[in-house]
Amino acid sequence: MIPLGTELLTKATFKRLFLQSLSSQTFNLSGIVAGAIVATLSAYTSMNPWILVLLPPLLTIRGNIGGILCGRLSTSLYTGLMKPTFRNNTRYFYATITSTFVMSFIFSIVIGILSFLIVNAIHGSSLSLTDSLSLSIIAMMTCSTMAQLITPLIAISSYKKGLNPDMILYPIMSTINDILISSIYTLLVLIKIFWSGFFITLSLIMLPLFVAVTIFLTLKHWREEGFRETFREGFPVALLLTLLSQITGSFLSQLEDQIVANPQLLAVYPLLIDSTGDMGVVISSATTARLALGYIEPQMSSIKGKEERKVVLSSLTAGLTLIMSAALATSIAYTQSLIQFIRPFLIIACAEFIVVTPIIIISLGLTILTFRRGINPDNVTIPIITSFADLSITISLFVTSQLLII
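Each residue of the sequence shown is one higher than the one before, counting from 172 in my numbering.
See the structure below:
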């Protein structure tokens, strides 16, 4: 028997929430794989600075749109807007899947154009507009295609097993998205650098294909309320955050010297932004479900209550435990002396502790504010939280790397 949403929340003790959050965020350790893959590009960043400019917005926006999908699916399971099954599901379910796919295509174009402008403004003419668009669209849409299949599978499976999708879905999918986008982007970069002719051929095949699929899905579902709701509430926010993600890319490109000297910073970067965003998203998603079902009041004082306090503490404890463990592991793996180990570890640890409190405040505040205004928090808060986490962590890394001179 499939537990009802209210029954899942009733059984949500601190221990249960912590263990579910820890188990799902443990999956973030797989983000080291994404980091190790991206770190292979560190040797090419000095000659190709556009590599670091494109990476953060791809990670951020893929995470944002994936977060919208995760939040919509988990909340829809609680409220009955979708069924815990793949076949014969609701029109709302299929419209939601389609809308996030189309949104991915639109923002891949935006990322390609903005990255081209930033690269040429900061580093000179080192990347053409055509290549920037090709890298962005192919990487984003290949990842999106895979994620659209995996996300509902995990949401439905966890719900059927009596697990809380709010604590499970986004942490797992954010890591999967990071691994997918990092792997695809790294492969595309290497193809562009070493096999430019094949890169051109690949672009000529993939770009028209994604354009055709996007147009077809838009024409088929644009009248559906689930499709329109995603664009009406999520699109303006995602557009603004795309601009912010480009600032993140600009800051990361300024860390070029630090990355060459300490490649572990790039190796841990996907996991760091992923896990930090996860803490905020879990808090937001769990709060949204409790607000929708009337478990808590839509006001900041709710954090003093037992319901909200156990959500915040369980997510925070699990997230920090894993982040510090990962920082320790990568620092050891990439260094051969104590001095070389201490500095990058302190940079990562200090950067994380600086942003934790703002993440909690923004996650709770935005969720409550949007709920009180009648906006679906899943369409707004998750993209803002993940983008803020990415930007704040990147800036924090930049600042701490300049201050911690050992």
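By construction, the Cβ of each residue, glycine as well, lies at the ideal position given by its N, Cα and C atoms.
Asked: C-alpha distance - Ala207 paired with Met495, whole-angstrom precision; Found: 17 Å
Asked: Straight-line gap, Leu373 to Phe287 (C-alpha atoms, nearest Å); Found: 20 Å
Asked: Proximity to Ser279 [Cα-Cα], best of Thr269, Leu437, Gly251, Cys314; Found: Cys314
Asked: For Ala522 and Ser567, believed in contact at Cβ under 8 Å, the rounded distance; Found: 4 Å
Asked: Trp366 - DSSP class collapsed to helix/strand/coil; Found: coil
Asked: Meets three-Cβ-pair contact criterion under 8 Å: the segment 262 to 270 and the segment 331 to 348; Found: no
Asked: Start and end residues, alpha helix (DSSP H) containing Arg399; Found: 396 to 400
Asked: Cβ-Cβ separation, Met311 to Leu653 (assumed contact under 8 Å), whole Å; Found: Lying outside 172 to 577, the shown extent of the chain, residue 653 is not represented and no answer is given.
Asked: Cα-Cα separation, Thr177 to Pro336; Found: Confidence at Thr177 is low in this model, with a pLDDT of 48, below 50, so its placement is unreliable and the value that follows should be read with caution. If you take the alpha carbons of Thr177 and Pro336, they lie about 13 Å apart.
Asked: Distance between Leu380 and Arg243 (C-alpha atoms, nearest Å); Found: 27 Å
Asked: DSSP-derived helix/strand/coil call for Arg258; Found: coil
Asked: Supposed close pair Thr322, Cys241 - CB separation, criterion 8 Å; Found: 6 Å
Asked: Limits of the alpha helix (DSSP H) - the one that Arg233 falls within; Found: 221 to 250
Asked: Status (buried if at least 16 other CB within 10 Å, exposed otherwise) for Trp221; Found: buried
Asked: Residues near Tyr215 in its chain [Cβ-Cβ closer than 7 Å; skip 5 each side]; Found: Ile222, Ile364
Asked: Thr357 versus Arg543: straight-line alpha-carbon distance, rounded; Found: 42 Å
Asked: Per-residue DSSP class, three states only, for Leu390; Found: helix
Asked: Span separating the alpha-carbon of Ile325 from that of Phe257; Found: 11 Å
Asked: Thr301 versus Ile454: straight-line alpha-carbon distance, rounded; Found: 40 Å
Asked: Cβ pair Leu388, Phe272 closer than 8 Å; Found: yes
Asked: Counted within 10 angstroms of its Cβ, other Cβ atoms place Val526 as buried (16 or more) or exposed; Found: buried
Asked: Where Thr181 falls: helix, strand or coil (DSSP); Found: Any answer about Thr181 is weak, because its pLDDT of 48 lies below 50 and its placement is not dependable; what the coordinates show is given next. In this structure, Thr181 counts as helix in the three-state DSSP scheme.
Asked: Ser581, buried or exposed, once every other Cβ within 10 Å from all chains shown has been counted against 16; Found: Look at the range of the chain in this structure, 172 to 577, and you will see that residue 581 is not part of it.
Asked: Length of the line joining the Cα atoms of Val382 and Ser307; Found: 13 Å
Asked: Beta-carbon proximity check, Ser329 vs Ala205, cutoff 8 Å; Found: no
Asked: His294 to Leu359 span [Cα, whole Å]; Found: 21 Å
Asked: Cβ shell of Pro554 (< 8 Å), same chain only, five flanking positions each side left out; Found: Asn235, Ile236, Gly238, Ile239, Gly405, Val408, Ala409, Leu412
Asked: Inter-residue spacing [alpha-carbon to alpha-carbon] between Tyr249 and Gly368; Found: 50 Å
Asked: Pro255 versus Thr571: straight-line alpha-carbon distance, rounded; Found: 45 Å
Asked: Reference Leu491, options Leu462, Thr458, Ala463, Ile444, closest by Cα; Found: Ile444
Asked: Proximal residues to Ser305 (C-beta, below 6 Å), its chain only, five neighbours per side dropped; Found: Ser374
Asked: Closer than 8 Å to chain B by CB, Ala457; Found: Given the protein chain composition of this structure (a single chain), no chain B is represented.
Asked: Buried versus exposed call for Thr181 [16 or more other C-beta atoms within 10 Å across all chains shown]; Found: Because Thr181 carries a pLDDT of 48, less than 50, the predicted location of this residue cannot be relied on, and no value is offered for it.
Asked: Best match in Thr211, Val224, Leu212 for proximity to Leu414 [C-alpha to C-alpha]; Found: Val224
Asked: Rounded straight-line distance, which links the Cα of Lys331 to that of Pro174; Found: Reliability fails at Pro174, whose pLDDT of 42 lies under 50, so the model's placement of it is uncertain and the value that follows must be treated cautiously. Pro174 and Lys331: Cα-Cα distance of roughly 7 Å.
Asked: Integer-rounded CB distance, given that Thr459 should sit under 8 Å from Thr246; Found: 6 Å
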